[in-house]
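Our numbering puts the first residue of the sequence shown at 86, with every later residue one more than the last.
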Amino acid sequence: MPAPRTPARASAPRPAASARSRTTTRTTSARTTQTRTTPPTRTRAAGAPRRDARPPLTPAEAAALRDALAARDAHTRRETLARGQAAAIRAGVTPEQLAAARAAVAARRSGGSRQAGSRGTGRRPAPGRRAPARGRTKRTAPPAERTGSRWSTRIGVVATSALLLPAVLALGLPVSDLPAGGNDTVTLALTARSSLLEQADLYRRLEQTADQRRARLQQAQVAEQAARERVDEQRSTVGSGAAVLYRSGPVDRLPVFTLDVREADAAPTVLRQQAVADRIGAGIETAVVRAERAAADLVAAGARVDSARADLALAEERAAEVLVTVRSEVDDLPPEVSGVLAGIGSIPVAGPQQARNETVMRRWQDYLTRLATAGIAPPPAASLTDPAALPTGFSPALDADGRPVPGVVWAVIGNEPVTVLPAETVAAVSNALSQLGKPFVPGSTGPETYDCGGFTAASWLMGGYALGRSPQSQWAGGSAVPVRDLQIGDLVFSPGGTDVGMYLGDGDVVGASAATYQVGVRALEPGASAVRVTAPAPAQPNAPLPALADRTGDCGAPLPVAGPVSPAWGGWSNGRIPVEALCRLGVDGHALRCDAAASYGRLAEAYTAEFGTPMCITDSYRSFGAQVGAYYRKPTLAAVPGTSNHGWALAVDLCDGINVAGTPQWSWMTANAARFGFVQPDWARPGGEKPEPWHWEYGRIS
């Protein structure tokens with residue numbers, strides 16, 4: 086028997102003014118900037134009567150609510166700490182300060198712990214040791230569109246930035262919570278992340294422009310083909326008429342010449358034949374004019390095709406320049422900075438998954454620290470294409486059969502060989518790990534939510550490589566490698582090719598999973614296939630992986646089962662889900678699991694289009710503390726705290742007509758909500774065990 090549920094939005098006694106004025110600042114990679122001054126309250130329809138004042142709380146109830154509020158505050162602080170670094174650099178730093186920090190990166194690269202010649206030798210001077218200056222010819226990338234002024238004009242504010250930037254960062258992140266590596270390294274990592282995000286945003290805009298121009302080119306080509314067919318048709322008509330005239334004699338062309346005054350009776354027939362000949366001649370002349378016009382239309386259509394093709398080439402060229410700029414920037418990132426970058430922005434998750442995520446994060450950062458301590462700088466991927474011409478200090482990495490492994494090299498630390506990944510791979514993996522814990526939403530490519538293909542595409546974009554958005558396109562365009570030769574950064578695909586993640590070594594894969602609804606680390610699946618992004622693309626696309634029946638769905642989604650399914654997800658307990666694991670609905674602080682929130686948004690749009698008014702909502706995710714408050718106010722109706730489906734962020738209570746069975750609004754919901762994944766459980770329907778026409782759930786969970 087289902088637990089009782091309530092349509093009332095839970096509320097708690099108002100805390101003191103100082104506690105009510107909390108403000109949570111989100112970064113641009115977060116979902117929405119929210120300022121919460123009071124707990125979410127019930128949305129009343131216009132003219133609805135106010136509720137009576139709540140009765141005073143008993144000491145035990147007040148203590149329970151205080152515990153719930155404290156838990157909420159802890160979630161808020163954790164969210165702030167997890168996102169504070171990027172919030173400071175992207176929202177609180179002025180363009181001049183950001184430019185100064187970038188200039189500091191350039192200065193550090195040209196003289197400091199990263200010497201000018203370190204890229205050529207594959208090593209950087211060990212910390213605390215001065216290296217002799219050596220000449221270096223800096224690779225120049227084709228100009229790409231950037232925001233703000235050029236780096237060369239910003240060096241004058243480096244000193245000011247050195248003072249202002251750490252101060253601004255301190256506003257959003259306590260010193261004790263800064264990633265390991267010192268303020269200088271953290272500042273450089275934040276600056277690098279901001280710059281890479283800036284370039285990724287620019288690339289996406291150019292990619293969108295290219296898609297639009299590609300569609301325009303396709304339309305122009307269709308119009309050109311139609312114009313060519315009209316030209317052919319008119320030319321055929323003119324040719325047929327000309328052939329008839331060629332074969333006909335003078336009398337056929339001008340029957341009037343056969344008129345004879347001695348044969349008056351024949352005159353009408355001759356005149357009629359002349360009229361027919363005149364019409365044929367006029368028709369041929371018209372066909373000639375139409376053919377000329379069709380030819381002119383074809384020329385104009387061809388010009389439009391050429392213009393559309395040139396516009397597309399320009400957009401693709403500019404997008405390619407952005408990728409070159411990104412690769413140039415990541416090629417210059419020191420390993421210690423990449424290690425700090427990996428720890429920026431991840432979101433804590435629940436239970437064993439958090440421990441697994443942390444283990445992989447430490448292993449990756451330890452690897453980069455080892456390279457940094459040895460003065461080894463990851464080389465550009467372009468310098469590793471020929472095993473016989475590797476940068477100084479590196480040797481080919483060999484597989485079990487003694488053959489060179491494409492795309493990676495070996496270096497020696499002490500007397501032990503260590504695999505060194507390309508700089509682009511290091512950047513892609515670091516950025517992938519920085520997204521741990523982010524929510525899963527089908528069809529999304531970040532930076533707030535991801536699906537599996539969107540996650541790997543976004544991660545590799547931060548390394549300077551553009552991939553397709555689906556697992557199938559990423560497999561088709563990648564350089565296939567045997568699973569036994571897997572290297573960190575390779576893309577691995579589930580059997581059937583419907584899921585993709587990034588290999589992290591030791592049998593671990595990171596990806597956005599529809600099974601856990603978050604970005605996390607999981608085990609490499611038996612029977613997987615793999616491609617290497619930095620290796621040259623195949624001349625012909627890889628053949629599609631064979632589809633497998635009775636496997637998981639897209640991005641590892643469990644296959645549908647008959648009857649209700651467990652609403653538990655992400656390892657969280659009912660009512661204990663942190664706000665950073667949810668997505669806002671844009672109404673009074675309401676939130677749901679991110680895939681449910683996306684579906685709710687589409688449902689609300691369809692509802693508004695039908696009725697002309699926004700969908701009215703009174704309740705969504707209900708924390709444990711809110712469940713306690715609801716149960717206190719309505720113990721005979723509300724679910725026992727910790728058992729409400731609102732506590733899984735998968736249920737909503739609606740109003741403004743939807744809450745009354747038989748109304749047009751309720752009838753529309755019963756006919757259309759399932760198209761968006763929302764259903765009304767049997768117990769809540771009219772005639773059910775506990776009718777609640779306002780209560781709707783995402784999926785059959787009760």
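In this text, a Cβ means the ideal position worked out from N, Cα and C, and glycines have one as well. Since the model is a prediction, treat every value here as computed from it, not as a measurement.
*Three-state secondary structure (DSSP) at Y550?*
Position 465 of the sequence shown, counted from the start, is the residue given in the question as residue 550. Coil, per DSSP.
*asked:* Are the CB atoms of E774 and W781 within a distance shorter than 9 Å?
replied: Numbered from 1 along the sequence shown, position 696 holds the residue referred to as residue 781. Numbered from 1 along the sequence shown, position 689 holds the residue referred to as residue 774. Not a contact, by the Cβ cut-off of 9 Å.
*Check each candidate in M587, R687, P621 and name the one with the smallest Cα separation from A613.*
In the sequence shown, residue 613 corresponds to position 528, counting from 1. With distances taken between Cα atoms, A613 lies closest to M587.
*Output yes or no for whether 9 Å exceeds the beta carbon distance between L475 and V445.*
Taking the sequence shown and counting its residues from 1, one reaches residue 475 at position 390. Taking the sequence shown and counting its residues from 1, one reaches residue 445 at position 360. No, they are not a contact pair.
*When the Cα atoms are used, what is the spatial distance from E690 to G655?*
Here residue 690 refers to the residue found at position 605 of the sequence shown. Here residue 655 refers to the residue found at position 570 of the sequence shown. Straight-line Cα distance between these residues: approximately 28 Å.
*Considering only residues of the stretch 503 to 589, which uninterrupted beta strand (DSSP E) runs meet the minimum length of 3 residues and lie entirely inside it, listed in chain order?*
564 to 566, 576 to 578
*Report buried or exposed for N500, applying the criterion of at least 16 other Cβ atoms within 10 angstroms of its Cβ.*
Here the question's residue 500 lines up with position 415 in the sequence shown. Result: exposed.
*Would DSSP call G478 helix, strand or coil?*
Counting from 1 along the sequence shown, the entry for residue 478 is found at position 393. G478: coil per DSSP, three-state reduction.
_Close Cβ partners of R394 (< 7 Å) along its chain, the five nearest in sequence each way excluded_ = Start at 1 with the first residue of the sequence shown, and residue 394 comes out as number 309. The residues are L302.
*In terms of residue numbering, what span does the beta strand (DSSP E) encompassing T721 cover?*
Locating residue 721 in the sequence shown gives position 636, where the first residue counts as 1. From DSSP, T721 is part of no beta strand (DSSP E); its letter is neither H nor E.
*In whole angstroms, what separates the C-alpha of G366 from that of D350?*
To locate residue 366, count along the sequence shown from 1; it is residue 281. To locate residue 350, count along the sequence shown from 1; it is residue 265. Straight-line Cα distance between these residues: approximately 26 Å.
*Does the stretch 411 to 428 come within contact of the stretch 495 to 515, defined as at least 3 CB pairs closer than 8 Å?*
yes
*Given a cut-off of 9 Å, decide if A683 and T534 are closer than it, judged by their beta-carbon atoms.*
The sequence position of residue 534 within the sequence shown is 449, counting from 1. The sequence position of residue 683 within the sequence shown is 598, counting from 1. Yes, these two residues count as a Cβ contact at 9 Å.
*Classify I365 as helix, strand or coil using the three-state DSSP reduction.*
Against the sequence shown, residue 365 aligns to sequence position 280. Three-state DSSP puts I365 in a helix.
_Cβ contact check for the stretch 590 to 608 and the stretch 428 to 443: 3 or more pairs under 8 Å_ = yes
*Rounded to the nearest angstrom, how far is the Cβ of L453 from that of A285, given a contact under 8 Å?*
Start at 1 with the first residue of the sequence shown, and residue 453 comes out as number 368. Start at 1 with the first residue of the sequence shown, and residue 285 comes out as number 200. Between A285 and L453 the Cβ distance is about 21 Å, and since that is not below 8 Å, they are no contact.
*asked:* Could you tell me the alpha carbon to alpha carbon distance between Y550 and R617, rounded to whole angstroms?
replied: On the sequence shown, position 465 is the one that residue 550 refers to. On the sequence shown, position 532 is the one that residue 617 refers to. The straight-line gap from Cα to Cα measures roughly 12 Å.
*Give every residue of the same chain whose Cβ lies closer than 7 Å to the Cβ of P524, excluding the five residues on either side of it in the sequence, and list them in chain order.*
Along the sequence shown, one-based indexing puts residue 524 at 439. Correct list, in chain order: T534, Y602, Q603, A666, C668, C679.
*C-alpha gap between V594 and G638, whole angstroms*: Here residue 594 corresponds to residue number 509 of the sequence shown, with the count starting at 1. Here residue 638 corresponds to residue number 553 of the sequence shown, with the count starting at 1. One C-alpha to the other measures close to 18 Å.
*Note the first and the last residue of the continuous beta strand (DSSP E) segment covering Y783.*
Locating residue 783 in the sequence shown gives position 698, counting from the first residue. Run containing Y783: 780 to 783, per the beta strand (DSSP E) assignment.
*Which word fits S658, buried or exposed, when buried means at least 16 other C-beta atoms lie within 10 angstroms of its C-beta?*
In the sequence shown, counting from the first residue as 1, residue 658 sits at position 573. Per the 10 Å Cβ criterion, exposed.
_Just to confirm, is the Cβ distance from F709 to P720 under 9 Å?_
Along the sequence shown, one-based indexing puts residue 709 at 624. Along the sequence shown, one-based indexing puts residue 720 at 635. No, the pair does not count as a contact, with Cβ atoms beyond the cut-off.
*Just list the beta strand (DSSP E) runs in the stretch 715 to 768, keeping only unbroken ones of 3 residues or longer that don't cross its boundaries, in chain order.*
736 to 739
*Under three-state DSSP, which class holds C668?*
Taking the first residue of the sequence shown as position 1, residue 668 is located at position 583. Reduced to three states, the DSSP call for C668 is strand.
*asked:* Short of 7 Å in beta carbon distance, which residues of its chain neighbour L483, apart from the five on each side in sequence? Order them along the chain.
replied: Residue mapping note: residue 483 aligns to position 398 of the sequence shown, counting from 1. Taken in chain order, the residues that qualify are P489, V490.
*asked:* Suppose you measure from the CA of E406 to the CA of T541; what does that come to, to the nearest Å?
replied: On the sequence shown, residue 406 is found 321 positions in, with the first residue counted as 1. On the sequence shown, residue 541 is found 456 positions in, with the first residue counted as 1. C-alpha separation (whole angstroms): 21 Å.
*Straight-line Cα distance separating F479 from P611*: Counted from its first residue, the sequence shown places residue 611 at position 526. Counted from its first residue, the sequence shown places residue 479 at position 394. Straight-line Cα distance between these residues: approximately 33 Å.
*asked:* If contacts are defined as beta-carbon pairs under 8 Å, then C537 and P556 qualify, I think. What distance do you get, rounded to the angstrom?
replied: As a working mapping, residue 537 is identified with position 452 in the sequence shown. As a working mapping, residue 556 is identified with position 471 in the sequence shown. Their Cβ separation, rounded to whole angstroms, is 6 Å, which keeps C537 and P556 in contact under 8 Å.
*Check the DSSP bridge columns for G605 and list the partner residues they point to.*
Taking the first residue of the sequence shown as 1, we reach residue 605 at position 520. Looking at the DSSP assignment, G605 forms a beta bridge with G596.
*Spatial distance of E314 from V355 (CA atoms)*: Locating residue 314 in the sequence shown gives position 229, counting from the first residue. Locating residue 355 in the sequence shown gives position 270, counting from the first residue. Approximately 39 Å between the Cα atoms of the pair.
*On the three-pair Cβ rule with 8 Å, is the stretch 459 to 473 touching the stretch 690 to 704?*
no
*According to the Cβ coordinates, are L281 and I429 closer than 9 Å?*
The sequence position of residue 281 within the sequence shown is 196, counting from 1. The sequence position of residue 429 within the sequence shown is 344, counting from 1. Their beta carbons are not under 9 Å apart, which means L281 does not touch I429 by this criterion.
*Please say whether L630 and F805 have beta carbons closer to each other than 9 Å?*
Residue 805 lies beyond the stretch modelled for the chain, which goes from 86 to 787, so this question has no answer here.
*Whole-angstrom distance between G674 and N744, CA atom to CA atom*: By one-based count along the sequence shown, residue 744 stands at place 659. By one-based count along the sequence shown, residue 674 stands at place 589. The alpha-carbon atoms of N744 and G674 are separated by roughly 20 Å.
*Which residue from G686, A305, I662, R569 puts its Cα closest to that of A711?*
For the purposes of this step, residue 711 is taken as the residue at position 626 of the sequence shown. If we check each option's Cα against that of A711, I662 comes out closest.
*Pull up the CB-CB distance for G574 and W560, whole angstroms please, since I reckon it's below 8 Å.*
For the purposes of this step, residue 574 is identified with residue 489 of the sequence shown, where counting begins at 1. For the purposes of this step, residue 560 is identified with residue 475 of the sequence shown, where counting begins at 1. About 16 Å; that fails the 8 Å criterion.
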